[in-house]
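For the sequence shown, the residue numbers in full-length UniProt numbering are 1 to 249.
Idealized CB from N, CA, C, for every residue including glycine.
Report on one structure; see the data block that follows.
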Amino acid sequence: MLKNTYIHIPGVGKALEQKIWASGIRTWDEFLEMEGRISIPSSKRARICEGIKISSRHLAAKDCFFFSQRLPSAEHWRAYSLFSDSVAFFDIETTGLSPCRDKITVVGIYNGNETKTYVRGINLEDIIEEFSKYRLLVSFNGARFDVPFIKSEFPEIEFKQLHIDLMYPLRRIGYGGGLKNIEKLLGICRSEDTDGMNGFDAVRLWKKYEKGDEEALALLVKYNREDIVNLKSIIELTYSKMVEKALKT
């Protein structure tokens, strides 16, 4: 979808992007080949052509920072297919809902092949280096919850990468509610141990672990791992619908 995108080019808004699509021009290459088909001032056509060439160079270099700065945050999902070779699906567990009063207990990161877990008091600080390895981040409600928590405890993590907060593009294609509800709508099942668990259970398990219950931590980690692994399943099941919806808007 990124190569169908024009709104990151200065001077191009959603209305013009839709006008380009409606003219039968979808991809950057098609625009360069058929720019005369769309009725816009020649100066704007030239600016778009130059923007496409610049974008192509940055894409060839896998420059996530260029696109993260140019694309509206709500449209970062468009980059998924072209940056999924360097992706971190992530989720955090906390002691409560306030970044000011509460603290992170667990951070899970899944790169599509391997899950990594970071636990307060053990290796939580290692997330600083780990997040820096990826060009694309994927979360659910991460923009409002996970990222503020992480920034509060680790301000050195800048989050300049592309970041897809799945909650918003999923809403556009009719999948509302929380993560667990969306999983059920898509037929994604949890393990017997974690089925029905929620954030309040995660807080309870952490408190039990603090009192010496290692099995509580093991269950909390399992719950978190299912969160991050399921994020990949969700985006792969719905990405084509996101593209279809965007191109029809």
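Round the Cβ separation of residue i and residue j to the nearest angstrom and send it over; I've been treating them as touching at under 8 Å.
i    : j    : result
T94  : F149 : 6 Å
H163 : H76  : 6 Å
S139 : L166 : 7 Å
T238 : Y175 : 7 Å
D146 : D227 : The Cβ separation is near 11 Å, so there is no contact.
R70  : M1   : Incorrect: roughly 15 Å between the Cβ atoms, too far for contact.
Which two residues bound the contiguous alpha helix (DSSP H) that contains residue i?
i    : result
D165 : Here D165 belongs to no alpha helix (DSSP H); instead the beta strand (DSSP E) covers L162 to D165.
A22  : K14 to A22
Using the three-state DSSP reduction, which class does residue i fall into: helix, strand or coil?
i    : result
S139 : strand
K116 : strand
A88  : strand
L2   : helix
E129 : helix
Y223 : helix
M34  : helix
N198 : coil
L170 : helix
D29  : helix
P148 : helix
Just how far apart, CA to CA, sit residue i and residue j?
i           : j    : result
L124        : Y118 : 5 Å
R225        : W21  : 39 Å
T27         : R172 : 22 Å
N4          : V243 : 10 Å
E158        : K151 : 8 Å
L179        : G112 : 18 Å
residue 251 : S56  : The displayed coordinates of the chain run from 1 to 249. Any statement about residue 251 would go beyond what the structure contains.
K44         : S73  : 24 Å
D63         : G212 : 45 Å
F31         : G121 : 54 Å
L136        : A46  : 30 Å
E129        : P155 : 13 Å
D201        : S68  : 34 Å
N141        : I234 : 14 Å
L205        : A218 : 9 Å
K133        : Y80  : 16 Å
Using DSSP bridges, identify the partner residues of residue i.
i   : result
E93 : V106
Determine, using beta carbons only, whether residue i comes closer than 8 Å to chain D.
i    : result
K160 : You won't find chain D in this structure, because it holds only one protein chain.
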